[in-house]
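Student: A single structure is presented below for examination.
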Amino acid sequence: QGFNTALIKGVLMPMKAAYLGMPVIATFVLIMGVGYIIGGLKSALVVCGFLMFIALTEWWDRALITAYMASFAVIVSVSLGVLAGTLAAQHQKASKMILLVCDTFQTFPSFIYLIPVIMLFGVTDTSVLIAVIVYATIPATRYTVEGLKSVSQSLHDAGSMSGVNKMQRWLKIELPMAFPHIMLGVNQTVIFALFMIIIGAMIGTDDLGQYILKALSDKNGTGNGLMLGLCVAFIGLSVDHLILTWANKRKALLGLV
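In terms of our numbering, the sequence shown has 113 at position 88, counting the first letter as 1, and numbering is strictly consecutive.
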């Protein structure tokens with residue numbers, strides 16, 4: 026309970042308040058600015074179109090709550106996935122164990138993750154986020170392993186001949202070369218996180234998922250359900266477009282395309 030309270034009061038509540046307190050115009054400027062930096066005017070207009078649809082609905086604030094939960098979960102999942110993937114890529118025994126764990130967790134139905142966390146933390150955002158993190162860490166780990174193992178042995182040899190240590194080689198050679206693969210893993214992590222957040226609405230959240238469940242239980246809620254589903258899809262598509270554009274640019278810089 027101490028961990029749960031500290032996490033909610035110290036991290037989740039301030040983060041949620043920051044998302045909800047951001048003006049709509051500022052959100053558009055920020056996201057479009059990121060799109061312009063990554064992919065120019067085309068990307069800025071694409072993400073603007075996705076955001077415009079969400080802003081014109083009555084669920085903008087619910088979408089921000091969904092985005093806050095997804096952001097927190099993705100940050101933690103990617104951090105854990107990169108660390109686990111790095112360990113797996115460098116040690117054969119660790120690789121077998123970590124990939125076995127990933128395979129095992131992927132065989133479980135998604136709602137199964139909610140049962141143990143509810144018993145530990147009750148019906149809170151913490152419960153949903155921990156379930157999301159466990160589920161979404163899998164693709165981050167897999168793509169990190171794939172990316173690091175794809176680094177050419179000649180680059181490892183060149184680094185060793187230059188006198189770099191393992192940490193320097195990881196930071197200066199392996200991570201930059203594996204970056205496109207890792208970003209694809211981040212992309213999948215975002216999709217997994219959004220999916221699991223919607224499933225998490227079954228235990229009582231106040232994001233888009235809760236309204237989707239209400240629409241599904243209402244015989245006249247087909248229209249609302251469709252609109253809410255599109256809002257979630259457009260959040261995912263916005264992130265997907267930005268990440269893929271960034272990854273493709275990075276591939277071009279590295280001469281991998």
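Positions of the beta carbon are idealized from the N, C-alpha and C atoms, including for glycine.
Is it right to say Phe-136 is buried, meaning 16 or more other beta carbons lie within 10 angstroms of its own, or is it exposed?
Tutor: Indexing the sequence shown from 1 puts residue 136 at position 111. By the neighbour-count rule (16 or more Cβ atoms within 10 Å), Phe-136 is not buried but exposed.
Student: My parser needs the beta strand (DSSP E) runs of 3 or more residues fully inside the stretch 111-182; what are they?
Tutor: Runs of the beta strand (DSSP E) inside the stretch 111-182: none found.
Student: Output needed for Leu-180: all residues of its chain with C-beta closer than 7 Å, excluding positions within five of it in sequence on either side, in chain order.
Tutor: Looking up residue 180 in the sequence shown gives position 155. The residues are Ile-198, Met-202.
Student: One question on the structure: do Thr-111 and Leu-173 come within less than 8 Å of each other, judged by their Cβ atoms?
Tutor: Residue 111 sits at position 86 when you count from the first residue of the sequence shown. Residue 173 sits at position 148 when you count from the first residue of the sequence shown. Against a cut-off of 8 Å, the Cβ pair of Leu-173 and Thr-111 comes out as a contact.
Student: Compute the beta-carbon to beta-carbon distance between Ile-123 and Thr-166, rounded to the nearest angstrom, for a pair I have assumed lies under 8 Å.
Tutor: Within the sequence shown, the letter at position 98 stands for residue 123. Within the sequence shown, the letter at position 141 stands for residue 166. Confirmed, Cβ separation roughly 6 Å.
Student: Within its chain, find whatever has a CB closer than 8 Å to the CB of Leu-255; leave out the 5 residues flanking it on each side and keep chain order.
Tutor: Position 230 of the sequence shown, counted from the start, is the residue given in the question as residue 255. Within the same chain, Leu-255 has close Cβ partners Phe-78.
Student: Report the rounded CA-to-CA distance for Asp-265 versus Asn-212, giving the unit in angstroms.
Tutor: Locating residue 265 in the sequence shown gives position 240, where the first residue counts as 1. Locating residue 212 in the sequence shown gives position 187, where the first residue counts as 1. Roughly 6 Å separates the two Cα atoms.
Student: Use the C-beta contact count for Val-72: other C-beta atoms within 10 angstroms, 16 or more gives buried, fewer gives exposed.
Tutor: Position 47 of the sequence shown, counting from 1, holds the residue named residue 72. Result: buried.
Student: Is the Cβ-Cβ distance between Leu-196 and Val-257 less than 8 Å?
Tutor: Along the sequence shown, one-based indexing puts residue 196 at 171. Along the sequence shown, one-based indexing puts residue 257 at 232. Not a contact, by the Cβ cut-off of 8 Å.
Student: Compute the Euclidean distance between the alpha carbons of Ala-114 and Leu-200, then round it to the nearest angstrom.
Tutor: One-based indexing of the sequence shown puts residue 114 at position 89. One-based indexing of the sequence shown puts residue 200 at position 175. For Ala-114 and Leu-200, the distance between alpha carbons rounds to 12 Å.
Student: Does the stretch 54-62 come into contact with the stretch 229-247, if we say contact requires no fewer than three beta-carbon pairs (one atom in each stretch) closer than 8 Å?
Tutor: These segments do not touch.
Student: Determine whether the beta carbon atoms of Tyr-168 and Ile-207 lie at a separation below 8 Å.
Tutor: The residue labelled residue 168 in the question sits at position 143 within the sequence shown. The residue labelled residue 207 in the question sits at position 182 within the sequence shown. Yes, the pair counts as a contact, with Cβ atoms nearer than the cut-off.
Student: Run the CB neighbour count on Thr-129, radius 10 Å, all protein chains shown included, and call it buried at 16 or more, exposed below.
Tutor: Residue numbering aside, residue 129 sits at position 104 when the sequence shown is read from its first letter. Per the 10 Å Cβ criterion, exposed.
Student: Assuming Asn-227 and Leu-241 form a contact by the criterion Cβ under 8 Å, report the distance between their Cβ atoms to the nearest whole angstrom.
Tutor: Taking the first residue of the sequence shown as position 1, residue 227 is located at position 202. Taking the first residue of the sequence shown as position 1, residue 241 is located at position 216. First, the residue type needs correcting, since residue 227 is Met and not Asn in the sequence shown. Not quite, the Cβ-Cβ distance comes to about 11 Å (not below 8 Å), so this is no contact.
Student: Assuming Asp-150 contacts Leu-269 under a Cβ cut-off of 8 Å, what Cβ separation, rounded to an integer in Å, is found between them?
Tutor: Here residue 150 corresponds to residue number 125 of the sequence shown, with the count starting at 1. Here residue 269 corresponds to residue number 244 of the sequence shown, with the count starting at 1. Not quite, the Cβ-Cβ distance comes to about 29 Å (not below 8 Å), so this is no contact.
Student: Which class does Trp-271 belong to by DSSP, given the choice of helix, strand or coil?
Tutor: The count along the sequence shown starts at 1 and reaches residue 271 at position 246. Three-state result, Trp-271: helix.
Student: Going by C-alpha to C-alpha distance, which of Ser-177, Ala-272, Leu-66, Met-94 sits closest to Ile-158?
Tutor: Here the question's residue 158 lines up with position 133 in the sequence shown. Of the listed residues, the one whose Cα sits closest to Ile-158 is Met-94.
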